[in-house]
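If you read the protein sequences in the order shown, they are chains A and B.
Just so you know, we're using the numbering used here here: the first sequence kicks off at 439 and counts up by one.
Just so you know, we're using the numbering used here here: the second sequence kicks off at 4 and counts up by one.
Even for Gly, the Cβ is constructed at its ideal location relative to N, Cα and C.
It should be emphasised that the depicted structure is a prediction, and the values quoted were computed from it without experimental measurement.
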Amino acid sequence: MEPNLATYLGLSGILFTIGAVGVIYKRNAIGMFMCIELMLNAVNLTFVAFARYYGDVTGQLFVFMVMAVAACEAAIGLGIFISFFRNKISVDVDDASILKN
Amino acid sequence: MFAGLAIACSISMVYHKNPLYSAISLVGVFISLACIYVTLAAPFIAAVQVLVYAGAIMVLVVFVIMLLNLDEDKPLTNLRYLYAVGAVLGMTLLAQTFFIFYAVTKTPNTPVENSTAGLTLNIGKSMYTEYLLPVEIVGILLLMAIVGAVIMSRRLSQPQIELVKAKEDFEAYQERHDY
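This is the structure we're talking about:
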């Protein structure tokens, strides 16, 4: 089957679904983080596919922006995990409840 | 073929309980997506994908997993309703995906002939002319992220620890004297 735009959008949608379900099922902060990365990649795939089918450079540029934001997110998020682990000896999100009450 | 590889790797990522196995599966997803980008005539994005995601971000993630010596993911205990929420969300998103899959008819079905949009030259040109402001904003964001990561993950220095201790002592003193 020759791939067309719908193929790429379908693949991206499936990857996004897996990522979203993973964020809900994982109890581990790093697992959730990796699922979020997967969702960002699914969106990047739609950007690149549309850029290809419309012959436009904008989509690829914004993929670049998304990657930069994901890198920032990785740096900050892993910093938060490390300081959280120092206080709680765990990265389980259920233990992050000190803001409750 | 790459699509199947990407889906298989992402399912194994969510399925594995050990975070290190998930991380390795995620590298598989990133690399197969990079191959798809090459077939979509976007070599620059593919290179950046391999460098930034499969290189930098995954090295950081694996490093933190090793550093924290994580144990295996526990199943949900006190939030069981999240299973139902996840199932509903997954079904909705899948339905939406198949809707897209069948409803995309107005979009062009053939790629633009001899597209030069993916070349590094063209991306660089429009990055520094048309999209200069977003690039500057992303630069500032990266700077803030560096500073924030350093502040977030440092230990308190000795004078700061003494300050915190003195404050706690003072509060205990206040409590004892019923202020």
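Would you list the one or two residues that DSSP bridges to residue i?
i: Asn466(A); result: Asp530(A)
What in chain A is Cβ-close to residue i, meaning under 9 angstroms?
i: Gly93(B); result: Thr455, Ile456, Ala458, Val459 and Ile462
i: Gln163(B); result: Near Gln163(B) there are no residues of chain A at all, since even the closest Cβ is about 14 angstroms away, more than 9 angstroms.
i: Gly151(B); result: Cys510, Ala513, Ile514 and Gly517
i: Leu97(B); result: Gly451, Ile452 and Thr455
Using only CA atoms, which one of the options lies nearest to residue i?
i: Ile60(B); options: Ala513(A), Gly469(A) and Thr496(A); result: Ala513(A)
i: Val138(B); options: Val486(A), Leu499(A) and Ser450(A); result: Leu499(A)
i: Val141(B); options: Ile456(A), Asp533(A) and Ala509(A); result: Ala509(A)
i: Tyr131(B); options: Thr496(A), Ile468(A) and Arg524(A); result: Thr496(A)
i: Tyr492(A); options: Glu178(B), Leu63(B), Ala45(B) and Gln52(B); result: Ala45(B)
i: Arg490(A); options: Tyr40(B), Tyr84(B) and Ala98(B); result: Tyr40(B)
i: Asn24(B); options: Leu122(B), Val64(B) and Pro162(B); result: Checking the displayed sequence, the identity of residue 24(B) turns out to be Tyr instead of Asn. Taking only the C-alpha atoms, the option nearest Tyr24(B) is Val64(B).
i: Ala50(B); options: Met4(B), Leu122(B), Val153(B) and Ala26(B); result: Leu122(B)
i: Gly58(B); options: Tyr86(B), Val153(B) and Ala26(B); result: Ala26(B)
i: Gly469(A); options: Val17(B), Leu136(B), Gly7(B) and Tyr134(B); result: Val17(B)
i: Asn21(B); options: Gly515(A), Phe488(A), Asp494(A) and Lys464(A); result: Lys464(A)
i: Glu511(A); options: Val531(A), Phe471(A), Arg524(A) and Ile456(A); result: Phe471(A)
i: Ser35(B); options: Gly460(A), Phe488(A) and Ser450(A); result: Ser450(A)
i: Ser462(A); options: Ala37(B), Val53(B) and Val88(B); result: With the sequence shown as reference, residue 462(A) is identified as Ile, and Ser is not the correct amino acid for it. The residue with the shortest Cα to Cα distance from Ile462(A) is Val88(B).
i: Val501(A); options: Val91(B), Leu85(B) and Ala37(B); result: Ala37(B)
i: Arg524(A); options: Phe173(B), His180(B), Val91(B) and Arg158(B); result: Arg158(B)
i: Val67(B); options: Asp533(A), Asp532(A), Ala487(A) and Ala467(A); result: Ala467(A)
i: Met133(B); options: Asp494(A), Val459(A) and Gly515(A); result: Per the sequence presented here, residue 133(B) reads as Glu, with Met not at that position. The shortest C-alpha separation from Glu133(B) is found at Asp494(A).
i: Gly515(A); options: Leu8(B), His180(B), Ala148(B) and Tyr176(B); result: Ala148(B)
i: Phe488(A); options: Asp533(A), Ile527(A), Ala458(A) and Gly448(A); result: Gly448(A)
In terms of residue numbering, what span does the alpha helix (DSSP H) encompassing residue i cover?
i: Gln99(B); result: Tyr84 to Ala106
i: Pro441(A); result: Neither: Pro441(A) is in no alpha helix (DSSP H) and is coded neither H nor E.
i: Asn125(B); result: Thr123 to Tyr131
i: Leu135(B); result: Leu135 to Ser156
i: Leu43(B); result: No alpha helix (DSSP H) contains Leu43(B), which DSSP labels as neither H nor E.
i: Met4(B); result: Note, Met4(B): premise wrong, no alpha helix (DSSP H); not H, not E.
i: Ile68(B); result: Met61 to Leu71
Can you list the residues of chain B that residue i reaches, using a CB-CB cut of under 8 angstroms?
i: Met563(A); result: Residue numbering for chain A in the displayed model covers 439 to 539; residue 563(A) lies beyond these limits and cannot be assessed.
i: Ile520(A); result: Val67, Leu70, Leu71, Met155 and Ser156
Would you mind telling me which residues of chain B sit closer than 9 angstroms to residue i, beta carbon to beta carbon, in chain order?
i: Ile468(A); result: Pro22, Ser25, Ala26, Val64, Val67, Ile68, Leu71 and Leu73
i: Asn525(A); result: Residues of chain B passing the Cβ test: none, with the nearest at roughly 12 angstroms.
Please list, in chain order, the chain A residues whose beta carbon lies closer than 8 angstroms to that of residue i.
i: Val88(B); result: Ile462
i: Leu144(B); result: Ala506, Val507 and Cys510
i: Pro46(B); result: Residues of chain A passing the Cβ test: none, with the nearest at roughly 10 angstroms.
i: Ile103(B); result: Ala444, Leu447, Gly448 and Gly451
i: Ala169(B); result: What Ala169(B) touches in chain A: nothing, since even the nearest Cβ is about 21 angstroms away.
Can you name the residues of chain A whose CB is closer than 7 angstroms to the CB of residue i?
i: Ser129(B); result: Val495 and Leu499
i: Tyr134(B); result: Leu499
i: Ala11(B); result: Chain A residues near Ala11(B): none, gap ~10 angstroms exceeds 7 angstroms.
Can you name the residues of chain B whose CB is closer than 7 angstroms to the CB of residue i?
i: Val486(A); result: Tyr40, Leu43, Ala45 and Ile48
i: Met472(A); result: Met16, Ser25, Ala26, Leu29 and Val64
Practice problem: Pair every Cβ in the segment 465-476 of chain A with every Cβ in the segment 10-25 of chain B, then say whether three or more of these pairs are closer than 8 angstroms. | Solution: yes
Quiz item: Does the count of Cβ pairs from the segment 18-36 of chain B and the segment 489-509 of chain A closer than 8 angstroms reach three?
Solution: no
Exercise. Count the C-beta pairs between the segment 480-487 of chain A and the segment 123-132 of chain B that are closer than 8 angstroms, then say yes if the count reaches three, no if not.
Key: no
Quiz item: Do the segment 94-108 of chain B and the segment 442-457 of chain A make contact, defined as three or more Cβ pairs closer than 8 angstroms?
Solution: yes
Quiz item: Is the number of C-beta pairs between the segment 53-71 of chain B and the segment 514-522 of chain A that are closer than 8 angstroms three or more?
Solution: yes
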